[in-house]
Each structure stands twice: as C-alpha cells, then as structure tokens.
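Below you'll find the structure, written out as structure tokens, and then a few comments.
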Amino acid sequence: ISSLELTKAVIERTDSVEPKVGAFLFQDPEDALEMAKKSDERRAKGETLGELDGIPVSLKDIVAVENKPLTCASKMLEHYVSPYTATSVKNLQNNGAVLWGRLNMDEFAMGSSCENSAFKSTRNPWDVSRVPGGSSGGSAAAVSAGETIIALGSDTGGSIRQPAAFCGVVGIKPTYGLVSRYGLAAFASSLDQIGSFSRTVRDGALFLKAVASYDRLDSTSVKIDIPDYASTLSVDSLKGKKIGIPKEYFVDGMDLEVRAAVEKAVAHCKGLGAEIVEISLPHTDLAIPVYYIIATAEASSNLARYDGIRYTHRSDKAHDVVDLYFKSRAEGFGEEVKRRIILGSYVLSSGYYDAYYLRAQKVRTLIRNDFSEAFKTVDVIAAPTTPACAFKAGEKSGDPLSMYLNDIFTINVNLAGLPGMSLPCGFNSEGMPIGLQLIGKAFDEQNLLSYAYAYE
Ligand code: GLN
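See the structure below:
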C-alpha cells in the first residue's frame, strides 16, 4: 500500500480508539499526510528510500522538533516551542519517516505508569482500567493500539522495556552512546538512552538503523559503524548460543504467571538450539537504591534549568526574583518531580555526598562488573522484564516505593549501559501481556536483535 493509505489508516484508527487509550498529547495529521505524499512521490520516481520511508512514527514528547511544542508532560513546559531539532529526529526525517504525533509520558520521564503526566493519564489498550506502564506509556500504548507503526521512547531505568512488556509490544533500549541524546530533554544524563516501540523485532531493527549515528553534539556519542541490523536477522541465530539465566531475577514472591511464561520462553529458546546456563548477578538487589541516588542526583542538576526565567512556566504571583524561582517551580513541577529534586539535592549536598552519591557510583561499578563477568561465559541474558503485569490505574500512585520496585529487573541494564529489550512472551490469566527481557553485550545489537528475531 502507499504511504498515504497507511498514514490515513493510522489516523483513522487513532480517531476511533484514542478516546479510550489517550496516548497522544499532540497530533499533526496535515503534516503527516504531506510527508506521506512526499514519500509516495519519491517511491514513484524510483529514488533511494530510507528504512522508514513513508512509515508513520510518533515521538515521546521528550525530544525536540523545531517550531513544535515540547512539554515533557510538564506544566513547566506547557507553552514551550522548541527552536531546534534533536539529532535522533533529524535522522528520522532524513530517513523519510512520517512524523505523526507526540506521545504522553510521565512528567520528565519520572514514573512507571504514565500517571505522572500533568495533562492526562494514558490507559493500557488490553484493559483500559490498567496503566500502560511508564514513563514512555503513550509510546507503548499507541503502538499496541495501532495508532502508530513505530514510536520513539526513552529509557533511563526501564521506561521503554517496562511499558513494552505491559502493552505486549517489542521495546528496544540500545547501548548507552549508540543513539544521540542531543535534543532529548535530560532526566539522568548518564543513564538516558533513546529507543523504540514496534510490533516486530524487524521494525525495531529498521528504526535503530535509521536513528543511530555518531553525533559530535553529544559528548557521549560513540563513533562506530552502524550495521544494517534488519538484513542480518536470522531464525537460526540462537543455535549453539549460551543464554544466561540470572538466578537473582527469579525470586520468591515474584508473580508466578510471569515466572511460568518466562520459563516457557526460555525452554522455547532451548528448542531453537540454545544452551541454557544459570548465572549470578550478585549485586542485583542494590540496583534500586543505587539508581534512586544517581538518577535523582543527575535530575536535580538537569532540572535546575527550569527556573521560571528563561523558557518555562513563570508564576505571576511573585514579588521578587527569589520568590519568582520558588513560585514558578512550585507551580510548574508535579509531586514526583519535586520528590526527586529534593532527594537528588540531598544526596549531592556536602556532608552526604561521600556517604550516598560516591558510594552509589562505586556500587554501580560492581553492578557493571557483574555483567562483564557473566558475559565471559554467555552470549545473552534472559530474564523477566517486570516482576508482574500491568496494574490498575490508581493502584500504586499513592505509594512511590512500590512504584519504584517495578523497575527492579530493568534498572541494572541502564546502570551498566548495556542494550536490553522486551519481547512479548504470553499473557497472564487476566489476559495481560508478559514481557521477556533479553540483555546483550555493549554494542552487540546486531546479535541481540537477531536472537530476539529467532525467538519471535
Ligand atoms: N520508572 C523509572 C523512574 O521512574 C524509570 C524511568 C525511565 O526510565 N525514564 O525513574
């Protein structure tokens, strides 16, 4: 079919399901149809086409697009219009992708349910009384409900993999440094990474090829050749490979249906010729405390730029400049964001820095070493993405700690900078999707995607 037909179908689908799902913050149907027409013209003229040429792609509302709003689902940026375009988005534009809409998220990517958005709460398309996960909940829900073909997301501690698991789609978080962060509103700069949501591994591979690039505007961007991931996917790729199963990820108290589905998925990989070995990642239980020190520390510093003076919400009730800072930030930021700024400022303050921040950095090294040790003997690690399936809206919103525990299996991967993905691997008895997480060696996306493709 033509890009125009595909784009129209996606827009129609969105019109019919969006009232229930609520995945979008903005839609650009005219722009999208225009881009689709241009793609069809390129095709008709026989021009070389990009991997995503003519394909509707939507963006988590955390990446900058010139002359478009960028809210990060925060009141702080409600009226902000970006003066420049993120490198990741430029790459998608140059590739011919049809940019269609902007997706809801937890405010500044802090959360696991999409309920921290200042504007709306997105629901899980499989059961609209449940959350889609977060923070990229809009991205996961939109792909799952057929409102876009591919969605861009960002993952700091699980924000791509957890919602992908909750919504039954493929979520990919690449190695730190593979995709440029220039133009991605920063949450925790040493952990943030851009990735994708799609229905299939192949679509995710095409997206990664299109979006990844070395970028001198991101000092942590890595200069490597980007392989043609989609062309090397092989159904035989798991033959003779060693899959490590971390024993710390299968603990008492985890959801038994999740456990059973993941064990079944592992058995399926064995049937495809893989060898299954038990491994140990001994510092797994330290990941959550370490993450909530490092991520909040970095967030407190990154979010200092939203001061009410430059480009953000500005309180009209202030009587002097200090009061302006206080009131603008008090009015502009939501509860969770404030909680993180306070926590982050605390762990960085003199007297506590050594006890918390410095120690967390040391434990981060231990966590990274656990993975390096494991990858001496295995090719890939398989585990659950989340300890349980999508929960009911409102169930955890008053209990930040239980919300934080949702990321227990995903956070380590960010602390170690590794690539990880979530693949649908079945449903629980209530019909909610379950995710299988595959974790690869750094910059080994080519193999990781191929293993995922073989499983799928
Ligand atoms: N849920 C985690 C948090 O709230 C992870 C968020 C993310 O990856 N952006 O910080």
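In the numbering used here, the protein residues as written are 34 to 489.
From the three backbone atoms N, C-alpha and C, an ideal C-beta is built for every residue, glycine too.
CB-CB length for residue 94 against residue 104, believed under 8 Å: 5 Å
Any non-hydrogen atom of the ligand GLN closer than 7 Å to residue 106 Cβ: False, no ligand heavy atom lies under 7 Å from that Cβ.
Reduced DSSP category for residue 107 - H, G, I as helix; E, B as strand; rest coil: coil
Where residue 293 falls, given that 16 or more other Cβ within 10 Å makes a residue buried: By the neighbour-count criterion, in which 16 or more other beta carbons inside 10 Å mark a residue as buried, residue 293 falls on the exposed side.
DSSP-derived helix/strand/coil call for residue 68: helix
Coil, strand or helix - residue 138 by DSSP: coil
As assigned by DSSP and simplified to three states, the class of residue 417: strand
Residue 205 versus residue 470: straight-line alpha-carbon distance, rounded: 10 Å
Assigned exposure category for residue 493 - 16 Cβ within 10 Å defines buried: The shown model of the chain, from 34 to 489, leaves out residue 493, and the question about it has no answer.
Short Cβ contact (8 Å threshold) for residue 487 with residue 236: The answer is no: Cβ separation not under 8 Å.
Member of 351, 423 and 302 whose CA lies at the smallest distance from the CA of residue 484: Looking at 351, 423 and 302, the one whose alpha-carbon comes closest to that of residue 484 is 302.
Cβ shell of residue 162 (< 7 Å), same chain only, five flanking positions each side left out: 425 and 426
Among 177, 65, 64 and 87, the one whose alpha carbon lies nearest that of residue 74: 87
For residue 476, the three-state DSSP class (helix, strand or coil): The answer is coil: DSSP assigns residue 476 none of H, G, I, E or B.
Extent of the continuous alpha helix (DSSP H) run through residue 319: That residue, residue 319, is in no alpha helix (DSSP H); it is neither H nor E in DSSP.
Where residue 316 falls, given that 16 or more other Cβ within 10 Å makes a residue buried: By the neighbour-count criterion, in which a residue is buried when 16 or more other Cβ atoms sit within 10 angstroms of its Cβ, residue 316 is buried.
Beta-bridge pairing of residue 93 - partner residues as DSSP gives them: 136
heavy atom of the ligand ZN below 7 Å from residue 220 C-beta: Among the ligands present in this structure, namely the ligand GLN, the ligand ZN is not found.
As assigned by DSSP and simplified to three states, the class of residue 201: coil
Residue 454 beta carbon near the ligand GLN (any heavy atom closer than 7 Å): no
Residue of 55, 150, 100 and 284 minimising C-alpha distance to residue 369: 150
Residue of 422, 420, 419 and 322 minimising C-alpha distance to residue 448: 322
Bridge partners - residue 276, DSSP secondary structure assignment: 309 and 413, per the DSSP bridge assignment.
Per-residue DSSP class, three states only, for residue 157: strand
Residue burial classification, residue 114 (beta-carbon count within 10 angstroms, cutoff 16): The residue in question, residue 114, is exposed, as its Cβ has fewer than 16 Cβ neighbours within 10 Å.
Extent of the continuous alpha helix (DSSP H) run through residue 340: It is not in any alpha helix (DSSP H) - residue 340 carries neither H nor E in the DSSP assignment.
Entirely enclosed alpha helix (DSSP H) segments - the stretch 329-399, minimum 4 residues: 354-365 and 368-381
Coil, strand or helix - residue 485 by DSSP: Taken through DSSP and simplified to helix, strand or coil, residue 485 comes out as helix.
Exposed unless 16 or more other CB atoms sit within 10 angstroms - verdict on residue 410: By the neighbour-count definition (other C-beta atoms within 10 Å, threshold 16), residue 410 is an exposed residue.
Delimiting residues of the beta strand (DSSP E) encompassing residue 456: 453-460
Cβ contact check for the stretch 189-207 and the stretch 165-180: 3 or more pairs under 8 Å: The stretch 189-207 is in contact with the stretch 165-180.
Candidates 110, 175, 129 and 160, of which the one nearest residue 45 by Cα: 175
DSSP three-state assignment for residue 196, whether helix, strand or coil: helix
Assigned secondary structure, residue 232 (DSSP; H/G/I helix, E/B strand, else coil): coil
Cα-Cα separation between residue 222 and residue 172, rounded to whole angstroms: 21 Å
Contact test: residue 264 Cβ vs the ligand GLN heavy atom, cutoff 7 Å: Relative to the ligand GLN, the beta carbon of residue 264 is positioned no closer than 7 Å to any heavy atom.
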